[in-house]
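Input: a single structure, listed below in structure tokens.
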Amino acid sequence: MYKYLLSLISILFILSACRLNISDDDAKESQRVKYVSLGSSFAAGPGVKDVADNSPDNCWQSDQNYARKLSQRLNLHLIDGSCIGAKLSDIASPISIYSQMENIQSDTGLVTLLAGGNDLGYLARLMTASCENLVKQGKVHKTIPCLEMPEFPDIDDYENTEYHLNIITNAIIEKAPNAVIVLIDYATVLPLTPLCDLTPMDTKYAIESNYIKGQLEGMLERVSTRNGTLLIKASEITRDHNVCSEEPWIRDYKSAEWGMTTLPYHPTYGYMLAITDALEDVLKPYF
3 MYKYLLSLIS ILFILSACRL NISDDDAKES QRVKYVSLGS SFAAGPGVKD
53 VADNSPDNCW QSDQNYARKL SQRLNLHLID GSCIGAKLSD IASPISIYSQ
103 MENIQSDTGL VTLLAGGNDL GYLARLMTAS CENLVKQGKV HKTIPCLEMP
153 EFPDIDDYEN TEYHLNIITN AIIEKAPNAV IVLIDYATVL PLTPLCDLTP
203 MDTKYAIESN YIKGQLEGML ERVSTRNGTL LIKASEITRD HNVCSEEPWI
253 RDYKSAEWGM TTLPYHPTYG YMLAITDALE DVLKPYF
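Residue numbering for the sequence shown follows the numbering used here, beginning at 3 and increasing consecutively.
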């Protein structure tokens, strides 16, 4: 009987210890800052290392994009909503396959947003211009057909993009009033001049694309100032690491392995490291 009681006490002690451990783990998890990453392909990181195991279908989220690297460094609870092809209207719409805003809750502590380029055809124009030029030269890149060239944005397109950036930023503030919000502008893909063999497009399209990028930089800075958010100027961080530089952080057109998870004129691992460093630095006062 005595041995039986000792055994029973031992079992109860072990079960109690297990419950304490589970409670401790739950408490630690609940204390982690909840981080939501919003954005399109430059946030998702297609082609950077491997596709994350929990990436939604067709979003091509890298397991080494800046959101995942930052969450590892700062021990954040990450919800990665980024997805290639997402436009601002998609991100905000609850019925879009790209919808991302529902990931934000009242207790979200950090939100990053990198988007707007798809609304203006920024990257699509770069890829199509390169493809069409190679077709013209009889150098079709594998069997991938050229994308349809988006129209060059007019003033209404720019105003509409800035309007949606404001709408999304305001919605984030309303949904998560205590969250730190960081807007991120687009990396510098092309040099101002001249181009190189790795960017097989007419100069006209390069000039137009740099103009679009400049407009994106301006509107993101205005939206950030207007709403009191933090801003990471990836355009400046990557200026000396464009496609034609000695140490590019952007994948060029010719060497890009066209496939299900890789796109030309998109960030490399070096870019993700640099943006992670910049985010960690700007967030030091908060976390």
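Even glycine gets a Cβ: it sits at the ideal position worked out from N, Cα and C.
Ranked by how close their Cα comes to the Cα of Asn77, the residues Ile239, His268, Pro152, Gly111 have Gly111 in first place.
A direct Cα-to-Cα measurement between Ala117 and Lys177 gives close to 19 angstroms.
No Cβ-Cβ contact shorter than 8 angstroms links Cys85 with Ala126.
Secondary structure of Asp59 (DSSP, three-state): coil. By alpha-carbon distance to Tyr37, the top candidate from Ser95, Pro58, Met103 is Met103. The beta-carbon distance between Thr201 and Asp254, rounded to whole angstroms, is 7 angstroms. This is short enough to meet the 8 angstroms contact definition. Annotated three-state conformation of Leu90 is helix, per DSSP. Here DSSP, grouped into helix, strand and coil, assigns Lys36 to strand. Here Ser101 carries a coil assignment [DSSP, helix/strand/coil]. Annotation for Leu233: the continuous beta strand (DSSP E) segment containing it runs 232-234. In the three-state reduction of the DSSP assignment, Ser95 falls in the coil class.
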